[in-house]
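Participant: Protein chains in written order, with the working numbering: chain P, 1 to 312; chain H, 1 to 312; chain S, 1 to 312; chain F, 1 to 312. Idealized CB from N, CA, C, for every residue including glycine. Below is a structure I'd like to ask you about.
There are 4 protein chains.
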Amino acid sequence: MTKLTADAQGVFVIAATPFDATGALDLEGAARLIDFYLGRRVQGLTILGMMGEAPKLTEAEARRFALQVLRHVDGRVPVVVGVSAQGFASMAALARPVIEAGAAAVMIQPPQTAARGDDAVLGYLTAAVEAIGEDTPFVLQDFPLASSVPMSVSLIERIAQTFPSCVMLKHEDWPGLDKLSAIRARIGRRLSILTGNGGIFLPFELMRGADGAMTGFAYPEMLVEVCRLFARGESEAMLDLFDRYLPLVRYEQQPGLGLAVRKYVLWRRGALACPATRDPAPKLTEASRAELDWLMRRLERSLEHQRKESVA
Amino acid sequence: MTKLTADAQGVFVIAATPFDATGALDLEGAARLIDFYLGRRVQGLTILGMMGEAPKLTEAEARRFALQVLRHVDGRVPVVVGVSAQGFASMAALARPVIEAGAAAVMIQPPQTAARGDDAVLGYLTAAVEAIGEDTPFVLQDFPLASSVPMSVSLIERIAQTFPSCVMLKHEDWPGLDKLSAIRARIGRRLSILTGNGGIFLPFELMRGADGAMTGFAYPEMLVEVCRLFARGESEAMLDLFDRYLPLVRYEQQPGLGLAVRKYVLWRRGALACPATRDPAPKLTEASRAELDWLMRRLERSLEHQRKESVA
Amino acid sequence: MTKLTADAQGVFVIAATPFDATGALDLEGAARLIDFYLGRRVQGLTILGMMGEAPKLTEAEARRFALQVLRHVDGRVPVVVGVSAQGFASMAALARPVIEAGAAAVMIQPPQTAARGDDAVLGYLTAAVEAIGEDTPFVLQDFPLASSVPMSVSLIERIAQTFPSCVMLKHEDWPGLDKLSAIRARIGRRLSILTGNGGIFLPFELMRGADGAMTGFAYPEMLVEVCRLFARGESEAMLDLFDRYLPLVRYEQQPGLGLAVRKYVLWRRGALACPATRDPAPKLTEASRAELDWLMRRLERSLEHQRKESVA
Amino acid sequence: MTKLTADAQGVFVIAATPFDATGALDLEGAARLIDFYLGRRVQGLTILGMMGEAPKLTEAEARRFALQVLRHVDGRVPVVVGVSAQGFASMAALARPVIEAGAAAVMIQPPQTAARGDDAVLGYLTAAVEAIGEDTPFVLQDFPLASSVPMSVSLIERIAQTFPSCVMLKHEDWPGLDKLSAIRARIGRRLSILTGNGGIFLPFELMRGADGAMTGFAYPEMLVEVCRLFARGESEAMLDLFDRYLPLVRYEQQPGLGLAVRKYVLWRRGALACPATRDPAPKLTEASRAELDWLMRRLERSLEHQRKESVA
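What follows is the structure, given as structure tokens:
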């Protein structure tokens, strides 16, 4: 399988990890979900991210799931595998076999224990790169809201200079638009930058220099279309489309609850056989489901309206 | 002046604190801003909240500003004054004179140093109530994203039971909809609940039992109108209106940057003579201002479109 | 093997996890270390605690190490196994087999993700007890300095009431003496309380009602003797002995560095074949080793002096 | 008054802030306490540090207290004034008048809001230096356990290079010995380094290159004597003396409770008229006071023993 390079672009959807109603890993469901994503024409897949409930899997389950996904994707799109772990031994025990099995890259987020200043983050990554292998391309995740690890522009610059195998940044700081502009301006080499946060700032992020999105919004076709419209320079059309989805993007963008929202919508759309999340995870109440149903109906109506307008 | 009661409803706008270009407190600007808010028919005002840059004022400045606002409002609407401080001596030194001068209530958020479990939060509030006076109505702010102090439903219940002078909750947890429903269901007495977070979930919060909003979104007339449509049972119209503003609500809802966004929009709308924030505060870059100008133009166009439609 | 009960007393030494110079798990070294500890007459053993570098082992390594220790101890003393993990699946995957293999109990510390108030901690433990099995006795670790999870006296009381299988508290808050007294006074049932923090407050903790120590100070014979002197009511002799070791206890009690200090002293004492710690872990510099050598020489001299005095 | 320079050495005792039993500031008590400290031959004084309960004073009280101390000291020793504040306006409002009144320097600790990486800390200090004045010498406090702001050796190096007015480091990281050695080795200019943490590592810190201590241990004469013995090269005698006090140093070194311990001992020694701390602060229980009385008796006995031995 081709390795990920700093030229990567487009939408790498963060894939959910399917469980059945008993909480068991649903490997067949994984195939179905992957087909759903590929049917939406995403450019890549990311598995075992935070929204993939990675920490809730045993190490054996994580390995099994990753290998199954890689087999099913079979090289059609690049697959990034999240390998954040409490220790480097566990990180290596996942990263080595998935790279061997054809993963395009692994994704690493420095943990809170590394949040002791810039040098500590660099020290952590030095050890992590040794664990995954110097030739393994990796995606650096910058998501301080979840990790409590702040990374300044100059730190990201130092990381890019120090580690040639860092080919991509998952930019997920918030607020992050000016930071994104600054990273683009400062880093003296090509680095792919995909953005997260459910895509809630995607149109502006593209205008600031992002190469696409790495997030798991349950309508990935919107992310793909927003990137396409941006590439064609149709800014107003891009925002028009995006804003129709924004009420749902916003609803999904609730820390903690977002995962359950996302799985519910994916289930309603037929992409998942079961919307179950593994404990510990907030469950959707009746009221939340009703709100989501309402928002989905309103979205459909809005898209219908748009279709009619564009026909007329 | 009438004191705040647990029956309070509507929109209590969080007022910005105006500075001039040198960073000095602009007391005349305060009058102009208050007039702008009152012209949007808000039901109340909150000053010296976090978005009021309270920690950046000296204690003397905070007192002077609060007294000036109270004088200018002169009882037309209730005014809540944020009195969060590093110590109880400072808290009392602000709370006592503003209550005397006619403030309807004070607002308190337990600080991170109190984040040692439920009992520690209660202990903190016991001392705070002693500092402000047992007869002084207070608003409890629940904003864990900023304060790092988690407050569960059962803790809020204990607080409501323990302190009769706690008349209002500024509900700003995120995600917070189910929590809001649970608080409403569990608390055995009347408690006014206003919501924050820039209003980004306001329609759902009203449906879950909130009494209104306490936030500083730069178009407070939208918050007022959403509450009115909700009260009349016009849910679809409520969302239709809200969703037009959502792109701006979302843009303003950036931790840290949001204050600069808000002041810029208020300045563009003529409510502020100067959009300056005091250091330390992120400043708006050229790119951010251009994005905001674009979003404001799109909002105007959308509102224009709506007006035409409703006429037609 | 007998299960741990709320009547447990004495010194449960936190065992180091031996690695060889390449960083590989040294299972033979484990046997040698266990023999060292049992030779110091400890009443129990705790493995895979934080000072046992548990997060640095893969799940497979942790299981192998625990089973090897249980085999070697072979029922001579009760063994507690730390099973804190990022997810409940991983926790169950370690807890179930070690209990089957004769572990006396498992140890759980609520993680930072549970630090959302008292109810969140209880919710976490409910799920954890389901994962390990309701019949599995467990030790609750209260170590907020490392975990960032505050647990008040009333929360610990609720935990003791809710979970009959919680038989022991590893009390490691700091400051903790008054809390210990309060826990003893408030909890309406028998609960074994062992204390941590390297033993730095052990004499006072015993006077406040602790049943012993669960810590890994590299001279466990001192901890055992302090408990014995306390039981005999010889308070001055207890402090006289303790204070001779205090300079080393203090030196070992350095967050982060303490593990390397402990392994170095155990190695110097012949209990470990190799003082290596797995990355990430601070290493001892030349200067630190010289300071430790000096402190060990001073301790020997002081003990020699005491022996002569007691003979005279 | 002479300004503090990077050549400062010795013991700068952190002075307690005396309150009377009602919680009111006791300005006369301040004079008595200062006399006690000067009688112990300390080389300097630091007021309004964290252990000086600075955040519990109103801004007006802090100013009044500082001016009173400066008047009473009247140039006999240099006085450092802590000016950490929530905002720069408040910082300037304290720093400017105390420098004018003869303070030798001010002390600044970057607050948690600045804990966003190395650049954020530098940005904070740039604004702080502007607030206090570029000519005002300042002490940088590095106390991450309390501040949650990590500062690496290379960050401290950058700070020393950037701000010529940074003349002293209050080194209070823990563990900190190797960091201290590294700072001394790396920083290319003279910088005074005094250490904190109640002095619990003072002998080693001196050996690693510290210039003295800045801490408030209630027996400052021990800190002074340890520095003297170190300067004379009498290492064993230095440790012999230090170890006699270590049980009390350790007891005082309890985060949160330490302040009450310190004030109690100062009161028992006649240095304070009243041991009261302002809320919020843990109070000493009967049991804690009994433990302290015991430790003080044991210390006296030990010192008596030493005197006899040295006479014999």
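Which residues share a DSSP beta bridge with residue 141 of chain S?
Facilitator: On the third sequence, position 141 is the one that residue 141 of chain S refers to. Residue 141 of chain S pairs with S:170.
Participant: List, in order along the chain, the chain S residues whose C-beta lies closer than 9 Å to that of residue 287 of chain F?
Facilitator: Your numbering for residue 287 of chain F matches position 287 in the fourth sequence. The contacting residues are 177, 178, 181, 204, 207, 208.
Participant: For residue 203 of chain P, count the other beta carbons within 10 Å of its own beta carbon; 16 or more makes it buried, fewer makes it exposed. Which is it?
Facilitator: Translated into positions along the first sequence, residue 203 of chain P becomes position 203. That one is buried.
Participant: Going by DSSP in three states, residue 230 of chain P sits in which element: helix, strand or coil?
Facilitator: As a position in the first sequence, residue 230 of chain P is number 230, starting the count at 1. It is helical.
Participant: Which residue's Cα is closest to the Cα of residue 277 of chain P: P:13, P:46, P:20, P:153?
Facilitator: On the first sequence, position 277 is the one that residue 277 of chain P refers to. Selection P:13, P:46, P:20, P:153 evaluated against residue 277 of chain P yields P:20 as nearest (Cα-Cα).
Participant: Looking at the secondary structure, which residues open and close the beta strand (DSSP E) in which residue 238 of chain S lies?
Facilitator: Taking the third sequence and counting its residues from 1, the one referred to as residue 238 of chain S is at position 238. Taken as a continuous stretch (DSSP letters only), residue 238 of chain S belongs to no beta strand (DSSP E), being part of the alpha helix (DSSP H) at 235-252.
Participant: Where does residue 302 of chain F sit, in a helix, a strand or coil, going by DSSP?
Facilitator: Along the fourth sequence, read from residue 1 onward, the residue named residue 302 of chain F stands at position 302. Residue 302 of chain F: helix per DSSP, three-state reduction.
Participant: Kindly give me the distance between the Cβ atoms of residue 48 of chain H and residue 13 of chain H, rounded to whole angstroms, as I take these residues to be in contact under 8 Å.
Facilitator: Here residue 48 of chain H corresponds to residue number 48 of the second sequence, with the count starting at 1. Here residue 13 of chain H corresponds to residue number 13 of the second sequence, with the count starting at 1. Actually they are not in contact, since the Cβ atoms of residue 48 of chain H and residue 13 of chain H sit about 13 Å apart, beyond 8 Å.
Participant: Is it right to say residue 75 of chain H is buried, meaning 16 or more other beta carbons lie within 10 angstroms of its own, or is it exposed?
Facilitator: Position 75 of the second sequence, counted from the start, is the residue given in the question as residue 75 of chain H. Per the 10 Å Cβ criterion, exposed.
Participant: Could you list which residues in chain P have their beta carbon closer than 7 Å to that of residue 255 of chain H, in chain order?
Facilitator: Counted from its first residue, the second sequence places residue 255 of chain H at position 255. Within chain P, the residues near residue 255 of chain H are 174, 175.
Participant: Would you please verify whether the beta carbon of residue 147 of chain P is less than 8 Å from any beta carbon of chain S?
Facilitator: For the purposes of this step, residue 147 of chain P is identified with residue 147 of the first sequence, where counting begins at 1. False, the Cβ-Cβ gap to chain S never drops below 8 Å.
Participant: If contact means a Cβ-Cβ distance below 9 Å, which residues of the stretch 105-128 of chain H contact chain S?
Facilitator: 115, 116, 117, 118, 119, 120, 121
Participant: Tell me which residues share the same chain as residue 195 of chain S and place their Cβ nearer than 6 Å to its Cβ, disregarding the 5 neighbours each side in the sequence.
Facilitator: Taking the third sequence and counting its residues from 1, the one referred to as residue 195 of chain S is at position 195. 171, 205, 210, 213, listed in sequence order.
Participant: Going by CA-CA distance only, name the one from P:125, P:92, P:221, P:270 that's closest to residue 33 of chain P.
Facilitator: Numbered from its first residue, the first sequence carries residue 33 of chain P at position 33. With respect to the C-alpha of residue 33 of chain P, the residue from P:125, P:92, P:221, P:270 having the closest C-alpha is P:270.
Participant: Which residues does DSSP pair with residue 194 of chain H in a beta bridge?
Facilitator: For the purposes of this step, residue 194 of chain H is identified with residue 194 of the second sequence, where counting begins at 1. Residue 194 of chain H is bridged to H:170, H:212.
Participant: When you compare the CB of residue 97 of chain S with every CB in chain H, is at least one pair closer than 8 Å?
Facilitator: For this step, residue 97 of chain S is matched to residue 97 along the third sequence. Using a Cβ-Cβ cut-off of 8 Å, residue 97 of chain S does not count as an interface residue toward chain H, since no Cβ of chain H sits closer than that to its own.
Participant: Give me the chain S residues within the contact set of residue 155 of chain H, using Cβ-Cβ distance strictly less than 9 Å, ordered along the chain.
Facilitator: As a first step, residue 155 of chain H must be located in the second sequence, where it is residue number 155. The contacting residues are 117, 118, 119.
Participant: Chain P partners of residue 151 of chain F, CB-CB under 8 Å?
Facilitator: Position 151 of the fourth sequence, counted from the start, is the residue given in the question as residue 151 of chain F. Here the neighbours are 117.
Participant: With the cut-off set at 8 Å, would you say residue 132 of chain F and residue 83 of chain F are in Cβ contact?
Facilitator: As a first step, residue 132 of chain F is located in the fourth sequence; it is residue number 132 there, counting from the start. As a first step, residue 83 of chain F is located in the fourth sequence; it is residue number 83 there, counting from the start. For the pair residue 132 of chain F and residue 83 of chain F, the CB atoms are nearer than the 8 Å cut-off.
Participant: Kindly indicate which three-state DSSP category residue 128 of chain F falls into: helix, strand or coil?
Facilitator: For the purposes of this step, residue 128 of chain F is taken as the residue at position 128 of the fourth sequence. If DSSP states are grouped into helix, strand and coil, residue 128 of chain F belongs with the helices.
Participant: With H, G and I counted as helix, E and B as strand and the rest as coil, what does DSSP make of residue 331 of chain P?
Facilitator: No statement about residue 331 of chain P is possible, as the shown extent of chain P runs from 1 to 312 and does not include it.
Participant: By DSSP, does residue 296 of chain H sit in helix, in strand, or in coil?
Facilitator: As a position in the second sequence, residue 296 of chain H is number 296, starting the count at 1. Residue state, collapsed to three classes: helix.
Participant: Using a Cβ cut-off of 9 Å, which residues of the stretch 49-71 of chain H contact any Cβ in chain F, in chain order?
Facilitator: 53, 54, 55, 56, 57, 58, 59, 60, 61
Participant: Using a cut-off of 8 Å between C-beta atoms, extract the partners of residue 247 of chain P located in chain H.
Facilitator: In the first sequence, the residue the question calls residue 247 of chain P occupies position 247. Within chain H, the residues near residue 247 of chain P are 239, 243, 246.
Participant: Going along chain S in order, which residues have a C-beta closer than 7 Å to the C-beta of residue 250 of chain F?
Facilitator: Stepping through the fourth sequence from its first residue, residue 250 of chain F is reached at position 250. Correct list: 200, 246, 250.
Participant: Which ranges would you report for the beta strand (DSSP E) in the stretch 43-80 of chain F if only whole runs of at least 3 residues count?
Facilitator: Considered as a whole, the stretch 43-80 of chain F harbours 44-47 as its complete beta strand (DSSP E) runs of no fewer than 3 residues, in chain order.
Participant: Hey, residue 200 of chain P and residue 183 of chain P: beta-carbon distance below 8 Å or not?
Facilitator: Locating residue 200 of chain P in the first sequence gives position 200, counting from the first residue. Locating residue 183 of chain P in the first sequence gives position 183, counting from the first residue. Going by C-beta atoms, residue 200 of chain P is not nearer than 8 Å to residue 183 of chain P.
Participant: Which partner residues does residue 25 of chain H have in the DSSP bridge list?
Facilitator: On the second sequence, residue 25 of chain H is found 25 positions in, with the first residue counted as 1. Paired residues: H:19.
Participant: May I ask which residues mark the beginning and end of the alpha helix (DSSP H) holding residue 258 of chain S?
Facilitator: Residue mapping note: residue 258 of chain S aligns to position 258 of the third sequence, counting from 1. First-last of the alpha helix (DSSP H) with residue 258 of chain S: 258-268.
Participant: Does residue 14 of chain F come out as helix, strand or coil in the three-state DSSP assignment?
Facilitator: Your numbering for residue 14 of chain F matches position 14 in the fourth sequence. Correct three-state label for residue 14 of chain F: strand.
Participant: Please state the DSSP three-state secondary structure of residue 188 of chain P.
Facilitator: Against the first sequence, residue 188 of chain P aligns to sequence position 188. Residue 188 of chain P falls in the coil class under three-state DSSP.
Participant: Counting only beta-carbon atoms, is residue 93 of chain S nearer than 8 Å to chain P?
Facilitator: For the purposes of this step, residue 93 of chain S is taken as residue 93 along the third sequence, with counting starting at 1. Closer than 8 Å to the CB of residue 93 of chain S there is at least one CB belonging to chain P.
Participant: So, residue 254 of chain F versus residue 261 of chain F, is the Cβ gap smaller than 8 Å?
Facilitator: The residue you call residue 254 of chain F lines up with position 254 of the fourth sequence. The residue you call residue 261 of chain F lines up with position 261 of the fourth sequence. The answer is yes: Cβ separation under 8 Å.
Participant: Residue 313 of chain S and residue 137 of chain S: beta carbons closer than 8 Å?
Facilitator: Shown here, chain S extends from 1 to 312; a query on residue 313 of chain S therefore has no answer.
Participant: Taking DSSP as the reference, what is the three-state secondary structure of residue 222 of chain P?
Facilitator: On the first sequence, residue 222 of chain P is found 222 positions in, with the first residue counted as 1. When DSSP states are grouped into helix, strand and coil, residue 222 of chain P belongs to the helix group.
Participant: Any residues in the stretch 264-281 of chain S with a beta carbon nearer than 8 Å to a beta carbon of chain P? Which ones, in chain order?
Facilitator: 278, 279, 280
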